[in-house]
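**Q** Protein chains in written order, with this note's numbering: chain D, 13 to 456; chain P, 29 to 509. Note that beta-carbon positions come from the ideal geometry of N, C-alpha and C, so glycine has one too. Note that the structure is a prediction, hence the values are computed from the model and not measured. To start, I am sharing the structure in question, which I have written as structure tokens.
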Amino acid sequence: MSFDFKHHFESLADFLFAELLPNEQVSLNYSAEESYFARFNHAKVRQNGSVQQADVSITLWKNKKTYSFAQGLTCLFEEDCAVLAAALEDARKTAALLPDDPYQSIPTGAERSETAYSGSLIPQADVEKTILEPVRDLDFTGIFAQGLLCRGAANTAGARHWFQTETFSLDYSVWLENGRAVKGVYAGREWNGSEYERKIAEARKGLTVLALPQKKIEPGKYRMFISADALTEVVEFFSWNGFGERCMQQGESAYLALKEGRETFSNLFNLTQDFSIGVEPAFNGEGEAAPEKLVIIEKGKLVNTVVSSRSEKQYGTKANGAPPYEGLRSAVIGEGTLAEADALKELGTGIYISNFHYLNWSDTSAARITGMTRFACLWVEDGKVVAPIADMRWDESLYNIFGANLVAVTKERHLFADTSTYDQRSAGGCLLPGILVKDFNCTL
Amino acid sequence: MKVNIHRLLKEAADAVPQAEWIGLRRCTNHMSFFSVIDGAFDQAMSSRDEGIMLEVLYNGTFSYAATADVSREGVRRATERAFCAAQSAAPYGIYRFDRSVRPASQVRYTSKRQCLSGFSADEIAQGLIAVTQAARVSDHVIQTEAFYQTDTQEIELVSTNGADIRQIQYLGGAEVRAVARKDDVIQQRSVNGYNASCYQGGRELFNPDTLIVKARKAGEEAVELLTAEPCPTGKRTLVLMPDQMILQIHESVGHALEIDRILGDERNYAGGSFITLQDVGSFRYGSPLMNIVFNPLIAHELASYGADDIGNIAEKEYLIKDGILVRALGSLESQKRSGLRGVANQRACSWNRPPIDRMANINLEAGTSSFDSIISSIENGILMFSNRSWSIDDYRNKFQFGCEYAKLIENGKLTKTVRDPNYRGISRYFWNNLCAVGDESTFEVFGTPNCGKGEPNQTIRVGHASPVCAFSDVEVFGGGK
Chain D
13 MSFDFKHHFE SLADFLFAEL LPNEQVSLNY SAEESYFARF NHAKVRQNGS
63 VQQADVSITL WKNKKTYSFA QGLTCLFEED CAVLAAALED ARKTAALLPD
113 DPYQSIPTGA ERSETAYSGS LIPQADVEKT ILEPVRDLDF TGIFAQGLLC
163 RGAANTAGAR HWFQTETFSL DYSVWLENGR AVKGVYAGRE WNGSEYERKI
213 AEARKGLTVL ALPQKKIEPG KYRMFISADA LTEVVEFFSW NGFGERCMQQ
263 GESAYLALKE GRETFSNLFN LTQDFSIGVE PAFNGEGEAA PEKLVIIEKG
313 KLVNTVVSSR SEKQYGTKAN GAPPYEGLRS AVIGEGTLAE ADALKELGTG
363 IYISNFHYLN WSDTSAARIT GMTRFACLWV EDGKVVAPIA DMRWDESLYN
413 IFGANLVAVT KERHLFADTS TYDQRSAGGC LLPGILVKDF NCTL
Chain P
29 MKVNIHRLLK EAADAVPQAE WIGLRRCTNH MSFFSVIDGA FDQAMSSRDE
79 GIMLEVLYNG TFSYAATADV SREGVRRATE RAFCAAQSAA PYGIYRFDRS
129 VRPASQVRYT SKRQCLSGFS ADEIAQGLIA VTQAARVSDH VIQTEAFYQT
179 DTQEIELVST NGADIRQIQY LGGAEVRAVA RKDDVIQQRS VNGYNASCYQ
229 GGRELFNPDT LIVKARKAGE EAVELLTAEP CPTGKRTLVL MPDQMILQIH
279 ESVGHALEID RILGDERNYA GGSFITLQDV GSFRYGSPLM NIVFNPLIAH
329 ELASYGADDI GNIAEKEYLI KDGILVRALG SLESQKRSGL RGVANQRACS
379 WNRPPIDRMA NINLEAGTSS FDSIISSIEN GILMFSNRSW SIDDYRNKFQ
429 FGCEYAKLIE NGKLTKTVRD PNYRGISRYF WNNLCAVGDE STFEVFGTPN
479 CGKGEPNQTI RVGHASPVCA FSDVEVFGGG K
């Protein structure tokens, strides 16, 4: 039976708030997980094990001072109270020494929310067998993660939010001896063996075309269908030098030219922050709730930026519940009219992109990104798949991809759970279509 | 919480007597971070955490369980979980390991520090305020930012076969950045690229007086870039300063030589390598001027240590000697699986992640050319400073990197400043075009805490050091849509 993280969170928040002096206000951001990981290579187990962890990040506002401190938790309540009390005492001493915070922004919202999703996961002792038996004849590699994931936030204005979900994710690839592979992700709350077997069968089918001799693409401009899977790699660029208000104001946003009317996107491009896709909570670490939907780009025009309370204080733009780093959460690109089934036909002759790899800004001011093609990218002639391509480097501006060179957007969209596990299992995700573009710049 | 790690190990061993071996790695982390923007307070924060990873060997398989609960019951429960994981994985294990890949080393390591006591919060904040003010050299500067971070990580490792290791790393790094704008041109300049100036040491790592001088230069160069011509397009000789060489080494040498990538462990995430197991010992990676070492012994370099996180004692080793690949970056586990010689590099970011093959300090050794002699020998070239963009394929071959600042080299002389400099190439050909390696006077040490890899994902500290280097016939180009 899982540890009662919600009770732990509530109890710690109550304890901390009772410890405060009259001139102190705080927010408390809580994260916890019970995770089981199994890593695979060549359809064998490379490493496996479990992680139980919990931590809090607390921001203290006292007079004009602002100080944040994070503390790992043992989940033994009395011990956690003792270390939190000591950390609070240290924070008071440090905060007193700091310069005044000119943009101090203390949360005022007192909303409350509670969301809990239960799951049906693989019994831990069966994980390796369940994953590996159907792929024993394949060169299968990847990571399986499952377990309970919790997020909580509370503040002294009265807000208290709780989100917990039991999820699994299998991020995998299946390889041929020629070094080509089909990539897949199976994620959700209820493991379904039949669905897993269907996905593996799909991967087996995908390997057939990858066994063909590969086609080497020469540098140049190509018509390209970029699948929804590949677009997941682009979503990060809506946050990094992205649509945050502070980033715009400080001259670091790639979309400043859009804001200032020097660049445009296509009216086919719509981008929204939309928590209704149900993969992460709408509250931020300071207990502030974001609207369920926030339109960023509407028919190619910038409608909103992502604004934290701190930025509202500094720049006067109304806040919309963003966390201090002002990243875009639960990104949703609007659907178009192209049926996925017609994608190859509409592509005609060009490249079908299954996945991108290792993208980075090559010129932020011009929203130009470089990256690689990866996994099962295909050369298509007259709507028919001809051969896998040798991986290609590309270098192209988002103002072209989502601007004048955007030909069509698919009707169908796909939900992607964030499978990243830096520090902790992520709770985010996105809903994306595929896109058809022309004159995409391949370079090496 | 005060813990006796040997007593915890005994609890673990008592809990699972069937285990063939048990290791217990305890890790405590204490981090602080202060930042200032435009002469005003921006952020001050700290974090502390502590936990243990129990690792159990059973039937040829190592499995783990991580917890922050270091009570007697917590350790017993975690050990039992690790044992259950090993039981279920053993029929499917990728290799039948034994205790020989967990040496019984006795190691003590502590970072060398000139000044043991730290600064107070107000001293750091006031220093950073002065630094950002220094970077604001003209009205064209629209943002100045400075930060200082410290991190203390203590790792204890004990095992049932007698390992007893305690290592404390004291780390720190400061950064300054200026953003300038004129009309539609926006340019940024930092000191040595984002977060590249991280080292082991004490209070001496934060010196506001030195940073102020660097901040002023960063501001001036950001403004200078506003009226600079775009970087030209075409092939020419590329000279890289050490603060870009570190990225070049990291991406196109370090990762390519990690044996777990060569064995395919990373194929689903970070990628594989163009290097094969058969290449080690004979492959010509670069020109005869190329000498790359795994060197955990440079005291202030970020990833120096006494032993890795499975207890293998760290020693300096040549990876590439006179351009030939002689050794790869693999831990004892990877060495068993591959049959290759490796290094002590099985490392974890903290107590909640298992150790895997990682770079540590990967350095290019100094050559014999002075900076002036390199420049004067080039008819048509470009000198690039400070990384700002990095991207490379999953086999570590086709790369494209960008820098903050560049100067053209024309007829043996540094001439015009150019903006938005980028270059691209293919690792195996690029390094064979290494045509000059700077002498000791050009050698600089850097480090960054942000190397991502592994499933589950881990971010770890790496150090890199290099002299100035020149490469012939490199494709360079500028920015724009």
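Is the beta carbon of G263(D) closer than 8 Å to that of I65(P)?
**A** Position 37 of the second sequence, counted from the start, is the residue given in the question as residue 65(P). Position 251 of the first sequence, counted from the start, is the residue given in the question as residue 263(D). Against a cut-off of 8 Å, the Cβ pair of G263(D) and I65(P) comes out as no contact.
**Q** Can you name the residues that DSSP bridges to W373(D)?
**A** Position 361 of the first sequence, counted from the start, is the residue given in the question as residue 373(D). Per DSSP, I381(D).
**Q** Rounding to the nearest angstrom, what Cα-Cα distance links P316(P) and K195(D) in this structure?
**A** Your numbering for residue 316(P) matches position 288 in the second sequence. Your numbering for residue 195(D) matches position 183 in the first sequence. Each residue's alpha carbon lies about 39 Å from the other.
**Q** For C143(P), does the three-state DSSP call read helix, strand or coil?
**A** Here the question's residue 143(P) lines up with position 115 in the second sequence. Residue state, collapsed to three classes: coil.
**Q** Taking just the CA atoms, how far does L266(P) sit from P449(P)?
**A** As a first step, residue 449(P) is located in the second sequence; it is residue number 421 there, counting from the start. As a first step, residue 266(P) is located in the second sequence; it is residue number 238 there, counting from the start. Approximately 11 Å between the Cα atoms of the pair.
**Q** Cα separation between G532(P) and G218(D)?
**A** Outside the modelled stretch of chain P, which goes from 29 to 509, sits residue 532(P), for which no answer is possible.
**Q** Is the CB-CB distance between S23(D) and T71(D) below 8 Å?
**A** Position 11 of the first sequence, counted from the start, is the residue given in the question as residue 23(D). Position 59 of the first sequence, counted from the start, is the residue given in the question as residue 71(D). The answer is no: Cβ separation not under 8 Å.
**Q** Taking buried to mean at least 16 other C-beta atoms within 10 Å of its own C-beta, is A213(D) buried or exposed?
**A** As a first step, residue 213(D) must be located in the first sequence, where it is residue number 201. A213(D) is exposed by the Cβ-count criterion.
**Q** Among all the DSSP beta bridges, which residues are the ones paired with Q428(P)?
**A** Along the second sequence, read from residue 1 onward, the residue named residue 428(P) stands at position 400. In the DSSP output, where bridge partners are listed per residue, Q428(P) has S419(P) and R452(P).
**Q** Return the CA-CA distance between H58(P) and T95(P), expressed in angstroms with no decimal places.
**A** Taking the first residue of the second sequence as 1, we reach residue 58(P) at position 30. Taking the first residue of the second sequence as 1, we reach residue 95(P) at position 67. Approximately 17 Å between the Cα atoms of the pair.
**Q** Which residues of the segment 45–70 of chain D have a Cβ closer than 9 Å to any Cβ of chain P? Give them in chain order.
**A** Residues S47, Y48, F49, A50, R51, F52, N53, H54, A55, K56, V57, R58, Q59, N60, G61, S62, V63, Q64, Q65, A66, D67 and S69.
**Q** Closer than 8 Å, CB to CB, is A376(P) near chain D or not?
**A** Numbered from its first residue, the second sequence carries residue 376(P) at position 348. False, the Cβ-Cβ gap to chain D never drops below 8 Å.
**Q** Could you list which residues in chain D have their beta carbon closer than 7 Å to that of D97(P), in chain order?
**A** As a position in the second sequence, residue 97(P) is number 69, starting the count at 1. What D97(P) touches in chain D: T86, C87 and L88.
**Q** Buried or exposed, going by whether 16 or more other CB atoms sit within 10 Å of the CB of G466(P)?
**A** Walking along the second sequence from the start, residue 466(P) turns up at place 438. Answer is buried; the Cβ neighbour count reaches 16.
**Q** Could you please tell me which residues of the segment 370–393 of chain D, in chain order, have their CB closer than 7 Å to any CB of chain P?
**A** Flagged, chain order: Y370, L371, N372, W373, S374, D375, S377, A378, R380, T382, G383, M384 and R386.
**Q** What runs of the alpha helix (DSSP H), each 4 residues or longer, lie entirely inside the segment 70–96 of chain P?
**A** Whole alpha helix (DSSP H) segments, 4+ residues: zero.
**Q** Spell out a yes or no on whether the segment 254–264 of chain P and the segment 495–506 of chain P are touching, meaning 3 or more CB-CB pairs, one atom from each, closer than 8 Å.
**A** Short answer: they touch.
**Q** Quick one, which of Q158(D), A137(D) and D435(D) has its alpha-carbon nearest P382(P)'s?
**A** Reading the second sequence from its first residue, position 354 is the one you call residue 382(P). Minimum Cα distance to P382(P) is reached at D435(D).
**Q** Determine the chain D residues that contact E78(P) at a beta-carbon separation under 8 Å, and present them in chain order.
**A** Numbered from 1 along the second sequence, position 50 holds the residue referred to as residue 78(P). Going along chain D in sequence order, the residues near E78(P) (Cβ under 8 Å) are G84.
**Q** When you compare the CB of E257(P) with every CB in chain D, is at least one pair closer than 8 Å?
**A** Translated into positions along the second sequence, residue 257(P) becomes position 229. Not closer than 8 Å to any Cβ of chain D, the Cβ of E257(P) fails to qualify, so no.
**Q** Can you list, in chain order, the stretches of the alpha helix (DSSP H) that have 4 or more residues and sit fully within the segment 227–279 of chain P?
**A** Listed in chain order, the complete alpha helix (DSSP H) runs (minimum 4 residues) inside the segment 227–279 of chain P are 236–254 and 270–277.
**Q** How is the alpha helix (DSSP H) around C457(D) delimited, first residue to last?
**A** Coverage of chain D is limited to positions 13 through 456, which leaves residue 457(D) absent and any answer about it impossible.
**Q** Nearest to T179(D) by alpha carbon, out of G200(D), S409(D) and L96(D)?
**A** Within the first sequence, residue 179(D) is the residue found at index 167, counting from 1. Checking every option, the nearest Cα to that of T179(D) belongs to G200(D).
**Q** Select from the segment 150–173 of chain P all residues with a C-beta closer than 8 Å to any C-beta belonging to chain D, and list them in chain order.
**A** Listed in sequence order: D150, A153, Q154, I157, I170 and Q171.
**Q** Just the chain D side, please: which residues come within less than 9 Å of A93(P) by C-beta, in chain order?
**A** Counted from its first residue, the second sequence places residue 93(P) at position 65. The contacting residues are G61, S62, V63 and Q64.
**Q** Going along chain P in order, which residues have a C-beta closer than 8 Å to the C-beta of L161(D)?
**A** Residue 161(D) sits at position 149 when you count from the first residue of the first sequence. By Cβ distance, chain P contributes nothing, its closest Cβ being about 13 Å from L161(D), past 8 Å.
**Q** With distances taken between CB atoms, is the gap from H328(P) to G229(P) smaller than 8 Å?
**A** Locating residue 328(P) in the second sequence gives position 300, where the first residue counts as 1. Locating residue 229(P) in the second sequence gives position 201, where the first residue counts as 1. Yes, these two residues count as a Cβ contact at 8 Å.
**Q** Just to confirm the assignment, what range does the beta strand (DSSP E) spanning F505(P) have?
**A** Here the question's residue 505(P) lines up with position 477 in the second sequence. Per DSSP, F505(P) belongs to the beta strand (DSSP E) from C497 to F505.
**Q** Comparing C-alpha positions only, which one of I345(D), Q261(D) and P303(D) sits nearest to K483(D)?
**A** A question about residue 483(D) goes unanswered here, because the residues of chain D that appear run from 13 up to 456.
**Q** Given this structure, state the Cα-to-Cα distance separating Y451(P) from S301(P), to the nearest angstrom.
**A** In the second sequence, residue 451(P) corresponds to position 423, counting from 1. In the second sequence, residue 301(P) corresponds to position 273, counting from 1. Spanning the two alpha carbons is a distance of roughly 21 Å.
**Q** Could you list which residues in chain D have their beta carbon closer than 7 Å to that of T487(P), in chain order?
**A** Within the second sequence, numbered from 1, the residue matching residue 487(P) stands at position 459. Residues of chain D passing the Cβ test: Y434.
**Q** Let me see if you follow: with CB-CB separation under 8 Å, is L456(D) close to chain P or not?
**A** On the first sequence, position 444 is the one that residue 456(D) refers to. So yes, L456(D) belongs to the interface.
**Q** From the DSSP output, which residues share a beta bridge with E438(P)?
**A** For this step, residue 438(P) is matched to residue 410 along the second sequence. DSSP output for E438(P) lists N408(P) and K441(P) as bridge partner(s).
**Q** If you measure from the CB of M387(P), is any heavy atom of the ligand SAH nearer than 7 Å?
**A** Ligands in the displayed structure: none, and consequently the ligand SAH is not present.
**Q** Mapping the DSSP letters down to three states, classify Y267(D) as helix, strand or coil.
**A** Counting from one through the first sequence, the residue named residue 267(D) turns up at place 255. DSSP places Y267(D) in coil when its eight states are reduced to three.
**Q** Excluding the 5 residues flanking E209(D) on each side, which residues of the same chain have their C-beta closer than 8 Å to its C-beta?
**A** Indexing the first sequence from 1 puts residue 209(D) at position 197. Closer than 8 Å at Cβ, skipping near neighbours: P146.
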